[in-house]
Amino acid sequence: MAGSQLKRLKASLKEQGIIGPQKSKKQKRQNAEEQKARPDKRLQRGEALAGIREQFNPFQFKTNARGPKFEVTTNKPTNDRAAMAIKGRPGLAKAVGEERRRQTLLVEMQRRNKIGGLIDRRFGENDANLSLEDKMIERYTREQQRAHKKSSMFDLDDDEPIGGLTHMGRPLFDDDEDEAPVKDDFDGEDLPSGDESDSSRAERRILKRQRLEEAVAEQEEEDGQPERKRTKKEIYEEIIAKSKLHKYERQAAKDEDNELRAELDQAMPELQQLLFQRHKPPSKDEKGTETSMVIAGKDKAAVNKEYDIRVKQLAEDKRAQPAERTKTEEEKAEEESNRLKELEEKRLKRMRGEMDEEDEEEDEQEEDKNKRGRKAADGEPYDTFQADEADDFGLGKGVSYRPTATELGFDDEDDFLIDDDLVASGSELELESDDMEGEESDEEDGSDSGSDDDEFVKGILSETITKDPVFQTDGNPKGDDENGIPYTFPCPQSHNEMLKAFEGIEVTRTPVAVQRIRALYHPKLDSKNKERLAKFSQALVQHIAYLGDRFEPHWASTLESLSRHVHSLAKSFPIEVAKAYRTHIQEIEQDRPLALTVGDLVILTAVGTTFPTSDHFHQVVTPAMLAIARYLGQKIPQGFCDYATGTYLSILALQYQQFSKRYVPELINFCLNTLCSLAPGKPQQKLGFFPLHEPAPGTRIRGAGKTTIRQLNFSDCQQKGSLSREDEASLKVAIISTITAILKASAETWHKLSALYETFHPALLVLQHLASKPNPTHLPGPLTAKLTDAVAAISRLLQLARLSRRPLELHHHRPLAIRTYVPKFEDSFDPNKHYDPDRERAELAKLKAEHKRERKGALRELRKDAAFMQRENLRIKKERDTAYEKKYKRLVAEIQGEEGRAANEYAREKEARKKKSARAR
Amino acid sequence: MPAAVGESAVKTATKRKRQESGDMIKKRRRSDADDDKKDDNLKARIEKLETEVQESKKHYNNIATLVELAQKHHDDPKAALRACEALCRIFIRLLAAGNLVKRKDVSEKEAAVTSWLRDRLADYRGALLSMFSNKQLASSALMLAMALLKAEAQHLSDREEAVFPRHFFSDIVGCLLESPIEQLREQFSEHFVDEYHDIRFYTFEAIRTYLTEREDSVDEDTQNTVFDMLISMEDVPESSEDLTDFYIEPPRKKKHPLRSLSQHKKQAQQAWLALMHLGLRKEQRKKVLETMADSIAPWFTQPELLMDFLTDCYNSGGSISLLALSGVFYLIQQRNLDYPEFYTKLYSLLDADILHSKYRSRFFRLLDTFLGSSHLPAVLVASFIKRLARLALNAPPSAIVVIVPWFYNLFKRHPLTTFMMHRIPRTQEERDMLETEGLEDPFLPDERDPMETRAIDSCLWEIVQLQSHYHPNVATITKIISEQFTKQAYSMEDFLDHSYGSLIEAEMTKEVKKPPVVEYMIPKRIFTKAGPAPEENDSLLASLWDFGSP
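The listed protein sequences correspond, in order, to chains A and B.
Each residue of the first sequence is one higher than the one before, counting from 2 in our numbering.
Each residue of the second sequence is one higher than the one before, counting from 27 in our numbering.
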C-alpha cells in the first residue's frame with residue numbers, strides 16, 4: 002500500500018469501521034442502541050485500535066532483521082514469517098518497567114525524608130476499574146467473612162459459648178453436674194497451705210459459692226423460658242444421644258439374631274437327622290440326638306463343642322469324585338517311555354554341564370562369595386569385568402547339578418525294591434513276599450516289561466504287612482529258615498554291628514539277610530526306620546569293601562546283589578550313601594593312594610554303577626575318577642599285582658566314560674607303559690610322548706609261546722609271594738591280552754575325539770612293536786593274532802580320523818563390540834545445555850551462569866532505575882521551574898498591570914495637566 | 027675379661043661332659059666301689075697339679091704330666107677331660123699373664139721357659155684336636171679349643187691387637203672335617219659359624235686351604251661334609267655395615283679384610299670353587315643347582331665363574347637341565363651370558379617327562395619368563411605351544427591346568443599363533459583336498475629346531491580333545507581356548523601348584539549338601555556275565571575280567 006503514513010492510518014481506521022463517512026442522526030441513534038445491547042463492541046473497538054497502533058509503530062517489535070542466520074533443518078515448518086517471528090516487544094517491556102518504577106521507586110522517592118502518613122488499605126480504593134457499587138459489595142462480604150471466621154477460641158468479641166474449659170476431656174463446669182459441688186483446687190485437703198493466706202482462701206470460697214448459687218438461679222430462670230434457641234452444644238448432644246440409641250437398637254437386633262441362631266443350633270441334630278437319614282444308622286443318630294437333646298437343656302458348652310466337631314466332619318466329608326480313567330496298556334507304556342526319555346534328557350544335560358536355573362543361582366551365590374574372598378586375597382591386577390574367569394574353574398570350585406531323588410520322582414515308586422532273584426530259592430520269604438507283592442506286582446509288571454527293570458518287582462509295602470507277624474519286630478520269637486538265616490535282625494547301625502549280625506550267615510546268603518532287614522525296617526513301618534536304614538546303607542557300603550578285601554571267586558554275584566541293594570537304598574538315601582562312598586574314597590586317598598586293595602576296586606566299581614558317571618560333575622563320581630586316574634598316572638608298578646590292579650582300573654575308567662566318552666590320558670599312559678614293560682624286547686626308538694618307566698628286572702615276558710590266554714581276576718591283584726614260572730607267564734599274557742583289548746575298546750570309545758591320531762599313534766607303534774619280529778616268538782600264537790587284530794582295528798580308526806580331520810575353526814564368534822564409555826549420545830541434545838558427567842561441576846557451572854545473568858540483570862535494572870530517577874528529578878525540577886516561571890510571569894504581569902495602570906494614570910494626569918495647563922494657557 | 031669368658035666356656039664344657047658320662051659313672055659304680063675312690067683321687071690329683079702350677083714356676087713340669095694325661099684320652103677319657111680342663115685354665119692364665127709371649131729383653135733362661143711352654147701348648151693343642159674323633163670328648167674338646175683359640179688370639183702375640191691364630195683354626199677346621207661325628211660339625215656351625223662373622227670368614231679360608239692342599243686325596247665323605255657345611259652357610263650379609271658380630275676382638279683398621287663384605291664373599295667364592303674343582307656327584311649337583319640362585323650365587327663376587335658349571339649342567343639333560351635353567355637364566359639376565367641356541371635347548375627340554383616332573387611348576391615359572399617377550403618369532407612360540415599340546419595328551423590334569431592358561435597368554439601376546447586355533451581353508455583346491463584326503467598334521471614332532479617344526483601351520487586338536495577331559499574343571503579350563511579372548515591375561519600363579527592330591531582334596535572338602543543324582547536304572551549285572559538272553563550285552567568290565575563263577 003502506497004501513500005504516506007497518515008493516508009495509511011486513515012485507510013486502516015476506515016477498514017476497522019472506526020471512522021467512516023458521516024452518519025445521519027438516525028443512524029447514530031441506532032448505533033448507540035446497538036452498543037448498549039452489546040457492550041463488548043466497545044471492547045472490540047479498543048482492541049482494533051490497539052492493533053492499528055501496534056501496526057503503525059515500527060519499533061514495537063523486535064524481530065530478526067533478515068530471517069534466520071543459518072540454514073537449519075528442523076521438524077517445524079519454516080517460512081519467512083516464522084523466521085521473522087517477534088522476538089520481543091521492547092516498547093511494551095519498557096512501558097511495563099516504567100510503570101513498575103512509577104509504582105515503587107517513585108513512591109519511595111516521594112516518601113524520602115518524610116515521616117508518618119496514612120496508607121489507604123481499603124479494598125479497591127486505588128482500583129479504577131471497579132465501580133463504587135462493586136467496591137461496597139466486596140467490602141461488605143469481606144467484613145462478613147472476617148466476622149464469621151473464628152479466629153480464637155477465647156475471643157471476647159465472640160459471644161457464642163464454645164466448648165468451655167475442660168479438664169482431662171471433661172468439662173469443668175458441666176451443666177448437668179451442677180448439683181455436685183465443684184471442687185476448687187484449693188478446696189482439696191491435700192493442699193493445706195496454698196500460696197495465699199487462709200483468710201483469702203475463705204474469701205474466695207465464699208465468692209465462689211455465691212457465684213454458683215447465682216448460676217443455679219439463672220438456670221432455673223432459663224428453664225422457665227421454653228422457646229429459647231438451642232445452643233450448638235445441645236444440638237450435638239442430641240445427635241449423640243440419637244446415635245447411641247441406634248447403636249443400642251442394632252445391638253439388640255444382633256442379640257436377637259444370636260438367640261435365634263442358638264435355637265437353631267439346638268435343633269440341629271433333629272434337622273440333621275432329617276437331612277442325613279440315609280447315611281447314618283438310625284440307632285446311632287437317635288442316640289446322638291437324644292444326648293444332644295438332653296444336653297441341650299443342660300450344658301451349652303458341650304453342645305457347642307459337639308456342634309463344632311460335626312461342622313468340621315461335614316467340611317471334611319469327601320464328596321464322590323470321578324476316579325481317574327484306567328489307562329490302557331499302550332498309554333502306560335508311553336508314559337513310561339516318556340519318563341525314561343525325560344530322565345535321559347536330564348542326564349545329557351548334566352553331561353554337558355548345564356544346570357537348572359535355581360541350582361545355578363545358588364551355586365553362583367556360593368561362588369561369588371568364594372570369589373570375593375579369593376579376589377581380596379589374590380589382589381588380581383586384571384580388568385575387572387571378567388577378572389573372575391580364572392576363578393570360575395578354580396580348581397576345587399567345580400560346579401554341579403544335583404537334583405534330588407524326589408525331584409526325579411523316585412522316592413515313592415522305587416522305595417522298596419525287592420528283586421525276586423535276590424531271594425534265595427526255597428527260602429520262605431519268597432512265599433511271603435510273593436504273597437504280599439502278588440497284587441501289586443501284577444500291574445507293575447506291565448509297565449516294566451519294556452524297560453530294563455523287568456526283573457525287579459516293585460513291591461510297595463502295603464498296610465497289610467504291618468499286621469503280618471513276621472514284620473512285627475517287637476516280641477517276635479527268633480526263627481531261622483532252613484539256611485540258618487534268622488527272620489528278624491536288629492538293624493545294624495555300623496559296620497561292626499553288621500559283622501556281628503551276619504556272623505554265622507554264609508556270605509552268599511547275605512543278600513537275603515539284607516533284604517529281610519530292609520523289609521523289617523521299612524520306613525513305612527516306623528518313623529525311626531528311615532534313620533536306621535540310612536545308617537544301615539552306610540554300613541552296607543563298608544561291608545562291600547570288607548567283603549571285597551576278602552574276595553573269593555564265588556562271591557561275585559553276592560557282591561553284585563549287595564551293590565544293587567546299595568543302589569536301591571541310594572535312591573531313598575542319596576546323601577548318606579554318597580557320604581559313605583566319599584569317606585571310603587577319602588580313606589583311599591589318605592592311606593593308600595597308590596596301593597589299592599580289591600575292596601577299593603569293588604567300591605569304585607559300585608560307584609560307577611550307582612551314580613551316573615556321565616555327569617559333568619558329580620560329588621561321588623568325580624573324586625572316584627580322580628582316584629582311579631591318580632593310580633594310573635602315578636603308580637610305578639613294582640609287581641604283577643600292580644599291573645593287574647592298574648589293568649582293572651583302566652577297564653573301570655573306560656567303563657566310566659563309556660557313555661560320555663571323555664578322554665582319560667592316564668589310561669593311555671598306563672596301558673602303553675605296561676605293554677612296553679611287558680614286551681619281550683625293549684623298543685629301539687622312542688614310541689611316543691608318554692612317560693616310560695624302566696620295568697623291574699624279570700618283568701619282560703620270555704618264552705611264553707605255549708601259554709594259553711586267560712582272563713585276569715581279583716586274585717591277581719592281591720600281593721602274593723613268588724609265582725611259579727607258568728603262573729607268571731600266564732599272568733603276563735593275560736595282562737597283555739587284556740590291555741590290548743582295552744586299547745582297542747578305548748580307540749572305539751574315543752573315535753570321535755579330535756586328536757585321536759596323536760593319541761593312538763603311539764599305541765599303534767607299541768602294538769606293532771609287540772607284534773613285530775623278535776617279539777612274537779616269546780608270545781603265544783593267539784595273543785599275536787589278537788595283537789595284529791588290534792593293530793588293524795586301530796590303524797583303520799586312525800586312517801578314518803586322518804580323513805575326517807579338518808583344520809580347527811574355533812573362533813567363529815561374533816566380533817566383540819568395543820566397549821564404549823564416555824561419548825554417550827543424548828536423545829535430545831541441546832547445545833546450550835552442559836552435559837558434564839561430573840555432577841557437582843555441572844551444578845557449579847549452572848550456578849555461576851545464573852549468578853552472571855542475575856548480576857547483569859541487576860546492573861541493568863539499577864541503571865534503568867538511575868535513569869528513571871534522573872528523569873523524575875528532571876521532571877520535578879522542570880515542574881518546579883515552570884511553576885516558578887509561571888509565578889514570576891504572573892507577578893511581573895501583575896506588577897506590570899499595576900504599573901501600567903499607574904503609568905496610564907500618570908499619562909492621563911500628565912495629559913490632564915497638559916490639557917489643564919493648556920487650558921490654563 | 028677374655029680369660030673369664032674362656033673359663034666359663036670350660037665350665038660349660040665340663041658340665042656337658044658330666045651329663046654325658048653320667049650313665050657310665052653309674053654303671054661303674056655298680057661294678058666296683060673303688061672306682062669312685064679312684065675318681066676322687068684323680069680329681070684331687072689333677073686339682074693339686076693345677077694349683078701347684080699356679081703357685082710357682084717350679085711346678086711347670088706338672089703341665090707336661092697333664093698333657094700326657096690328656097694325650098691318653100683313649101685309655102682314660104675322664105682323666106683326659108679333667109686334665110684338658112685344667113690345662114685350659116692353666117694356659118689361659120699363663121697367656122693372660124704374658125708368660126708365653128716371646129720377648130727380646132728377657133734372659134736366656136726365661137726365654138727357654140717360654141719356648142718350653144709354647145711347645146707344651148702345641149702338644150696340648152694336638153691332644154685337643156685328636157679328641158675331635160672321640161665320641162665322648164669331641165664336643166667338650168671343641169669348646170675348649172675355641173676358648174683356647176680366643177685366649178691365644180688375645181695374648182699369644184706381642185702386639186696390642188688381637189691376632190687371629192689362623193694356623194690353629196685351620197687345624198681345628200681340618201680336624202672337624204675329618205671327624206666322623208656329625209653333631210660336632212652341627213655344633214660348630216650353630217655356635218660359631220652362624221654366630222660370628224669372623225669365624226665364618228676364616229672357616230671359608232680354612233676350607234679352601236684344606237681342599238687345595240689335599241686336592242687328590244680328599245675322599246668322598248669329606249667332600250660330602252664340606253659340601254654340607256658350605257650349603258649350611260646361608261644368610262649372605264647385605265653390606266659391610268652388617269658385619270658386626272666378631273668372636274675375637276676385631277682389628278681396628280678400617281680396611282682390614284674382615285671388615286669388608288667383598289673379602290668375605292671372595293673367601294666364600296674361593297671355598298666353593300675349590301669344592302667344585304673336585305667335581306660334584308649328581309645329587310650334590312642337584313642340591314647345588316636348587317639352591318644356586320638363593321644361597322650360592324649371592325656369595326660369588328664373580329658369578330661368571332659359575333658359567334661353565336651351569337652350562338655343563340644345562341647341557342647334561344634330564345632334571346639337572348631343568349634345575350640349571352634358573353642359574354643360566356640368572357647369568358644371562360645379570361651377567362650378559364651369551365648362550366647360543368638357548369631356545370633350541372629349551373625346546374629340547376620339553377620331553378615326555380617334563381609334565382610329570384616334580385620340578386614342573388618351577389620350570390613353568392621360568393618358561394613363562396623366557397617366552398614372555400613379545401619380540402620372539404611366532405614360529406618359535408608356535409612350536410612351544412604345539413609341543414606342549416602334544417605332551418598334554420599324556421599329562422596329568424594338574425599339568426593341563428597350567429599349560430592351557432599359559433597358551434592363552436601366548437596367543438594374546440603373539441596373535442599370529444592364533445591361526446593354530448582358527449584356520450579357514452581359503453581356496454577351493456584346498457577345500458577339495460580336505461574333502462578327499464583329510465588332513466595330516468604338518469607338525470614335525472621329531473624336529474629339534476623350534477624354528478623348523480612347522481607348528482604354526484598346525485592346529486591344536488589336542489587341546490580340543492582335552493575339552494572332553496574326565497575332570498570337569500580341566501575340561502572347563504581347556505574351553506577358554508575356543509571362547510572369545512576377552513580377558514587380558516591369566517595369572518599363572520593361580521594354576522601352578524596343583525596335584526592329584528590337591529584336586530581330590532578340593533573335591534573332598536566340599537560337603538555334600540544336596541542329594542547327589544543316583545543312576546535311575548539299577549543295572550541287572552555288574553560282575554556276572556550276561557545271561558543267554560539275546561538283548562543282554564556284557565559290560566566292558568564283565569567281558570574283560572574274570573570274576574569267577576558263583
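Note that the Cβ used here is the ideal one computed from N, Cα and C, for glycine as well.
Alpha carbon of residue i to alpha carbon of residue j, nearest angstrom
| i | j | result |
| --- | --- | --- |
| A:S564 | A:F537 | 13 Å |
| A:T74 | B:L397 | 60 Å |
| B:D6 | B:E94 | As displayed, chain B neither begins before 27 nor continues past 576, which places residue 6 of chain B out of reach and without an answer. |
| B:D572 | A:F715 | 8 Å |
| A:R840 | A:E827 | 16 Å |
| A:I19 | A:E34 | 17 Å |
| A:T232 | A:R46 | 59 Å |
| A:E325 | A:I576 | 35 Å |
| A:E561 | B:V543 | 21 Å |
| A:Q686 | B:H524 | 32 Å |
| B:K98 | B:T238 | 32 Å |
Nearest neighbour of residue i, chosen from the options [CA to CA]
| i | options | result |
| --- | --- | --- |
| A:L768 | A:G18, A:R326, A:L673 and A:R147 | A:L673 |
| A:Q635 | A:E667, A:K350 and A:K745 | A:E667 |
| B:Q296 | B:K308, B:E309, B:F326 and B:K98 | B:F326 |
| A:R815 | B:A112, B:E509 and B:L163 | B:E509 |
| B:L393 | B:N87, B:E239 and B:F368 | B:F368 |
| A:L811 | B:V314, B:R449 and B:P441 | B:R449 |
Beta-carbon separation (whole angstroms), residue i vs residue j, contact threshold 8 Å
| i | j | result |
| --- | --- | --- |
| B:L492 | B:A418 | 6 Å |
| A:A748 | A:I795 | 5 Å |
| B:L465 | A:R807 | 6 Å |
| A:I652 | B:L567 | 5 Å |
| B:F272 | B:Y340 | Incorrect: roughly 40 Å between the Cβ atoms, too far for contact. |
| B:E488 | B:R439 | No, B:E488 and B:R439 are not in contact; Cβ-Cβ is about 20 Å, not under 8 Å. |
Burial state of residue i (16 or more Cβ within 10 Å)
| i | result |
| --- | --- |
| A:V941 | Residue 941 of chain A lies beyond the residue range present for chain A, which begins at 2 and ends at 922; the question has no answer from this structure. |
| B:I530 | buried |
| B:K539 | exposed |
| B:R108 | buried |
| B:H193 | exposed |
| B:E178 | buried |
| A:H149 | exposed |
| A:M269 | buried |
CB contact check: residue i to chain B, cutoff 8 Å
| i | result |
| --- | --- |
| A:I652 | yes |
| A:T75 | no |
Minimum Cβ-Cβ distance from residue i to chain A less than 8 Å
| i | result |
| --- | --- |
| B:I491 | Before going on, a small fix: residue 491 of chain B reads as Gln here, not Ile. Yes, B:Q491 lies at the interface with chain A (some Cβ there is under 8 Å from its Cβ). |
| B:T554 | yes |
| B:T512 | yes |
| B:H440 | no |
The ligand MG heavy atom lying under 7 Å from the CB of residue i
| i | result |
| --- | --- |
| A:D309 | Ligands are entirely absent from the displayed structure, and the ligand MG is therefore not among its contents. |
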